[in-house]
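Residue numbers in the sequence shown follow our numbering, run continuously in steps of one, and reach 688 at the last position. Ideal Cβ placement from N, Cα and C applies to all residues, glycine included. The block underneath contains the structure these notes are about, expressed in structure tokens.
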Amino acid sequence: MWAVCLDLESVLIPEIWQVLAKKLKINELKLTTREIPDFDLLMKRRLDVLLTNNLKIQDLQKIVKKIKPLNGALSFLNWVRENFLTVISSDTFFEFWKVLGKRLNYPVVFCNSFEIDKKGFIRGYKIRKKNGKLATVKALKFLGYKVIAIGDSYNDIAMLRAADVGILFKPPKKMKKEFPQFRSVSNYRELRSILEKYIS
């Protein structure tokens, strides 16, 4: 039996931090793992910016809860869930996901969490598991599943390599050239046509 493991941001929803950057008018929050592959370095920069601007988790959640799935994402995800064991493995945070999950009908999501003080300021974060996306694929394989992994960024590459089938969704041209071993698609229609071949 096949399982599908997807990234969340830029695959099903817009990049959360880019939405926050736009709404809060803070350009420093625009950077993602596409620009800074070192997640720890990226998060330290983000949290410093939040504290400098006196922003609390509640301020962020008010914006995040209004984020809508990418056009066509919900119907695509519903179709995947009907046909495959489906898991989303993301570097996002539970405190974002709990106000956003309803928009995707609450699929299974493995994500990280923030360390928040009594006043609501984010003081740090806890990684669910180091190399969590890779660990998710390995766990699914350990349970006897063959795995199709779908991602868009450098932090998805380990997951794609470990899967039986790795697919890049709307990757930057640079990544497409750098990782020619993975199928590359530009929309959900192309993605679905690939997945249809693996329906049991």
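DSSP lists no beta-bridge partner residue for TRP585.
Taking every protein chain shown into account, the CB of GLU503 has 16 or more other CB atoms within 10 angstroms, so this residue is buried.
If the five residues before and after TYR676 are omitted, its C-beta is found closer than 6 Å to the C-beta atoms of GLY560, PHE564, all from its own chain and listed in chain order.
When C-alpha distances from PHE667 are compared across LEU679, ASP644, VAL499, LYS629, the shortest belongs to ASP644. The C-beta distance from THR520 to GLN506 rounds to 7 Å, short enough to meet the 8 Å contact threshold. Of the candidates PHE609, TRP585, ASN619, PHE609 places its Cα closest to the Cα of ASN541. Beta-bridge partners assigned by DSSP to THR574: VAL492. Counting C-beta pairs with one atom in each stretch, the region 537-557 and the region 569-584 have three or more that are closer than 8 Å, which means they touch. Secondary structure of ASN643 (DSSP, three-state): helix. The region 676-687 and the region 565-577 touch, with no fewer than 3 CB-CB distances between them shorter than 8 Å.
Using a 10 angstroms sphere on the CB of ARG611, the tally of other CB atoms stays under 16, which defines it as exposed. Going by DSSP, VAL597 is part of the beta strand (DSSP E) stretching over 597-604. Under the 8 Å Cβ criterion, the region 614-625 counts as touching the region 591-606, having at least three qualifying pairs. Linking LEU631 to LEU648 through their CA atoms gives a straight-line distance of about 18 Å. In this structure, SER672 lies near LYS664, with their beta-carbon atoms less than 8 Å apart.
A check of alpha carbon separations from GLU678 across LYS618, ILE524, PHE657 identifies PHE657 as the nearest. The shortest CA-to-CA distance from LEU496 to any of LYS662, GLU523, LYS556 is the one to LYS556. For TYR613, there is no enclosing alpha helix (DSSP H); the residue is found in the beta strand (DSSP E) stretching over 610-614.
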